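Novice: Position one of the sequence shown corresponds to residue 1 (the UniProt record's numbering), numbered consecutively onward.
Sending over a structure as structure tokens; questions will come in a sec.
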Amino acid sequence: MRALLSCIIIVLAMVTSLFAQDNDLQLAKQYSTNGEPQKAFEIYQKLYKQNNENYYSYYINTLLNLKKFDEAENVVKKLVRKHPNVSEYQIMLGTVYTQQGNVNKADDIYNALIKNLPADRNEISMLAGQFYQSTNLDYAIKIFQQGRKILNNNEAFTYELINLYRFKRDKAALTEEYLNFLPSNPSFISQAENSFVTIYEGDADYNMLKANLLRRLQKDPQQIIYTELLTWQYMQQKEFDLALNQALALSRRQNDDGSSIFELCRTLNSNEAYDAAIRGYDYIVSKGKTLPLYIPAKIELINTKNLKITSGKYLPADLLGLEQDYTDLLTEFGRNSRTVFAMQKLAQLQAFKLHKLNDAQKLLEDAVNIPNIRPELLASCKLDLGDVYLINNQPWEATLLYSQVEKDFPNTDINQDAKFRNAKLAYYTGDFIWAKGQLDVLKAATSQLIANDALNLLLLIADNTAADSTGGALKIYARADLQIFAERTDKALITLDSIDKKFPNNSLNDDILMSKSRILIQQKSYADAVPLLKKIADGHPNDLWADDAVFMLGDIYENRLNDKASAIVWYEKIIKNYPGSLWINEARKRFRLLRGDKADS
């Protein structure tokens with residue numbers, strides 16, 4: 001009985017001691033966090049002497065922080081003598097020497113560990129991990145490299161080395177490691193591309209990758225993964241024709257169905273590299289009608305020509321040529337569920353560019369009655385048909401279609417889009433009270449773009465019906481807005497100019513400036529839009545369109561006038577003056593990119 005009681009007392013004493021030590025450890029950590037290293041040191045020293053090796057790392061690191069290098073050296077040397085085969089203590093001694101300034105002594109210890117490295121994968125990984133934990137990445141890498149030699153396996157420790165090179169931002173080593181790894185592990189190409197994007201900082205880095213790839217392709221021209229990566233590299237440097245050339249060469253060599261080219265052409269379009277995309281779609285079409293991508297490629301080919309023409313200044317003949325291309329395609333393949341997308345594009349061209357409203361209306365009415373259309377595409381066609389009804393003086397038909405789509409797609413972005421179009425229809429037709437009710441709901445939409453547009457329109461209506469409840473000036477402005485939407489810019493300008501004549505004391509000055517700016521941008525007259533936008537930014541800095549004008553100026557200078565310095569100025573103005581703007585995140589991203597900030601800054 002006494003023996004049992006003695007055991008219980010001993011156990012309780014041990015538990016009490018451990019509990020006290022744990023409290024002391026937490027207190028010491030708190031002192032370190034609070035910037036009181038001496039107090040922390042006294043506790044760590046006590047704990048180390050009580051329970052020697054369990055607390056040695058805390059004790060040694062505190063000694064180093066207090067620059068008590070001799071004391072730290074003596075403590076670690078005793079541990080090394082006591083445990084000569086424990087590498088952790090030797091690495092810590094090397095750390096002490098390094099902080100003393102005795103780098104050569106540290107290197108001697110580390111090189112001895114490398115020299116005596118066992119041919120055991122687990123032991124190698126454990127030792128490299130100890131170097132990593134001591135933040136000595138260089139020797140962690142050397143351990144893995146030596147491990148490869150000892151194990152006679154150049155593919156060993158690839159994941160570990162990739163992570164270390166990426167953490168060290170060693171671009172050349174990371175590139176080399178991935179290029180050695182990818183031929184036998186092609187599924188990791190996306191991971192490699194993401195890693196390169198993270199650490200590459202400019203053309204010099206991408207040129208290094210290109211030179212390495214070209215050198216490897218000379219030795220092994222059949223290595224598909226290098227060709228794919230070279231295509232990606234050209235895309236990163238916006239060398240779109242070269243990217244397409246590489247992809248085409250690979251497609252011809254493999255005699256595939258052209259699906260990789262089809263996907264590449266989508267990316268080329270998003271980068272406005274329309275000529276290269278047209279060449280890619282032409283290639284797919286040339287492979288023949290039997291391939292499944294023939295019809296989609298033919299449709300996208302015409303769509304890309306559409307984008308190319310309408311993104312710049314164009315002549316009526318260009319539009320008529322496009323119309324004929326779409327008509328020929330529909331003649332060849334018929335009007336069915338596979339060609340509805342082309343019918344929709346043709347109708348948009350006819351309605352907004354050629355102003356053939358009746359033709360566009362008839363085409364979309366046919367499209368929405370075609371069976372087996374994807375629900376989302378059907379909804380899109382119905383919304384477009386509603387727009388055509390609206391500008392073709394059939395607002396009642398338009399609102400019926402918008403409401404139908406709204407009902408068919410509850411709690412979706414499509415629903416919110418349809419609801420917003422209905423609200424804008426009410427605004428265009430002068431029913432401001434109903435429009436305000438709808439917009440008040442939409443300002444909380446999950447789609448940020450719709451929410452922002454709804455809020456802007458709501459504020460426009462509220463500001464211009466406060467003093468004049470009938471909104472006389474606003475009704476004329478809304479008519480001009482509808483004409484801008486219909487791309488009847490000449491009529492819109494005449495209508496806008498009439499507002500001041502009929503209502504000389506109206507409050508629409510900045511709104512009229514913004515509308516005229518948008519007309520000029522629609523006409524690709526970017527330089528002419530600049531002074532109007534500056535009038536808004538400078539003369540109406542606290543009004544509705546101020547942050548939009550500032551961002552638009554940055555975008556025009558960056559992407560249309562090729563004046564990066566001016567773009568930086570305007571993006572910075574958004575960041576400094578309009579922190580609550582919808583454009584703040586995009587402005588900050590573009591500002592940093594143009595300024596040349598590092599990827600991780």
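All residues carry an ideal CB built from backbone N, CA and C; glycine is no exception.
All of these numbers come straight from a predicted model, not from anything done at the bench.
#1: Is LEU322 closer than 8 Å to LEU349 when the C-beta atoms are compared?
#2: Could you round the C-beta distance between ALA486 and ILE391 to whole angstroms and report it? I think they count as a contact, below 8 Å.
#3: Taking only the alpha-carbon atoms, compute the straight-line gap between residue 604 and LYS308 and give it to the nearest angstrom.
#4: Find out if the Cβ-Cβ distance for the pair LEU529, ILE536 is shorter than 8 Å.
#5: As an exercise, report each continuous alpha helix (DSSP H) stretch of at least 4 residues that is fully enclosed by the segment 124-172, in chain order.
#6: For ASN152, is the classification buried or exposed, using 16 other Cβ atoms within 10 angstroms of its Cβ as the cut-off for buried?
#7: Exposed or buried, what is GLU228 when buried is set at 16 or more other beta-carbons lying within 10 Å of its beta-carbon?
#8: From TYR294 to ARG338, what distance separates their C-alpha atoms?
#9: Report the rounded CA-to-CA distance for GLN254 versus ALA243, giving the unit in angstroms.
#10: Measuring CA to CA, which of LEU291, THR310, THR290 and ILE284 is closest to GLU300?
#11: Is it buried or exposed for LEU460, if we count other Cβ within 10 angstroms and need 16 for buried?
#12: Are there 16 or more other CB atoms within 10 angstroms of the CB of TRP232, so buried, or fewer, so exposed?
#13: Just to confirm the assignment: which complete alpha helix (DSSP H) runs, minimum length 4, are found wholly within the segment 234-261?
#14: With a threshold of 16 other CB atoms inside 10 Å of the CB of ALA273, please say whether the residue is buried or exposed.
#15: Taking contact to mean at least 3 C-beta pairs separated by less than 8 Å, is the segment 189-206 in contact with the segment 139-159?
#16: Thinking VAL388 and LEU354 are a contact (beta carbons under 8 Å), I'd like their distance in whole angstroms, please.
#17: Please state the DSSP three-state secondary structure of ALA342.
#18: Indicate the three-state DSSP secondary structure (helix, strand or coil) for TRP232 in the structure shown.
#19: From ASP538, ALA445, ARG121 and GLY472, pick the residue whose C-alpha is nearest to that of LEU506; which is it?
#20: Roughly how many angstroms lie between the CA atoms of LEU544 and ASN456, to the nearest whole one?
#21: Taking GLN237 as the reference, which of LEU268, GLY288, ASN154 and GLN222 has the closest Cα?
#22: In chain order, which continuous runs of the alpha helix (DSSP H) of length 4 or greater are located wholly inside the segment 436-495?
#23: Can you name, in chain order, every residue of its own chain whose Cβ lies under 6 Å from the Cβ of GLY554, other than the five neighbours on each side?
#24: Could you check how far apart the C-beta atoms of LEU458 and LYS424 are, in whole angstroms? I think they sit under 8 Å.
#25: Can you give me the Cβ contacts of VAL524 inside the same chain, cut-off strictly under 7 Å, excluding the 5 residues immediately before and after it?
#26: Can you list, in chain order, the residues of its chain whose CB lies under 7 Å from that of residue 603, leaving out five sequence neighbours each side?
#27: Using a 10 Å radius around the Cβ and a threshold of 16 neighbouring Cβ atoms, would you call GLN448 buried or exposed?
#28: When you compare only the Cα positions, how much space is there between ARG588 and LEU594?
#29: Just verifying my parser: in three-state terms, what is the DSSP assignment at GLY596?
#30: Quick one: Cα of LEU4 to Cα of LYS82, how far?
#31: Going by the CB atoms, is the gap between SER270 and SER260 shorter than 8 Å?
#32: Alpha carbons only, please: which of PHE240, LYS210, ALA317 and LEU64 is nearest the one belonging to TYR226?
#33: Nearest to PRO579 by alpha carbon, out of ASN372, ARG488 and PHE551?
#34: Counting C-beta neighbours from all protein chains within 10 Å, is the total for VAL340 16 or more, i.e. buried, or is it exposed?
#35: Report the residue from THR399, LYS298, ILE150 and TYR110 whose alpha carbon sits nearest the alpha carbon of PRO118.
#36: Which residues mark the beginning and the end of the alpha helix (DSSP H) in which TYR110 is found?
Specialist: So, to answer that:
#1: yes
#2: 4 Å
#3: This structure cannot settle anything about residue 604, because the visible part of the chain is limited to 1 through 601.
#4: The sequence given here places Ala at residue 529; Leu does not occur at that position. Not in contact: ALA529 and ILE536 (Cβ atoms no closer than 8 Å).
#5: 137-151 and 158-168
#6: exposed
#7: buried
#8: 11 Å
#9: 17 Å
#10: ILE284
#11: buried
#12: buried
#13: 240-254
#14: buried
#15: no
#16: Contact flag wrong, Cβ pair sits at about 12 Å.
#17: helix
#18: helix
#19: It is Asn, not Leu, that sits at residue 506 in the sequence shown. Selected option, being the one with the closest Cα: GLY472.
#20: 7 Å
#21: LEU268
#22: 448-465 and 472-485
#23: ALA567, TRP570 and TYR571
#24: Not confirmed; about 11 Å, so no contact.
#25: Per the sequence presented here, residue 524 reads as Lys, with Val not at that position. Around LYS524: GLY312 and LYS313.
#26: There is simply no residue 603 to check, as the chain begins at 1 and stops at 601 in what is shown.
#27: exposed
#28: 10 Å
#29: coil
#30: Because LEU4 carries a pLDDT of 48, less than 50, the predicted location of this residue cannot be relied on, and no value is offered for it.
#31: no
#32: LYS210
#33: PHE551
#34: buried
#35: ILE150
#36: 103-115
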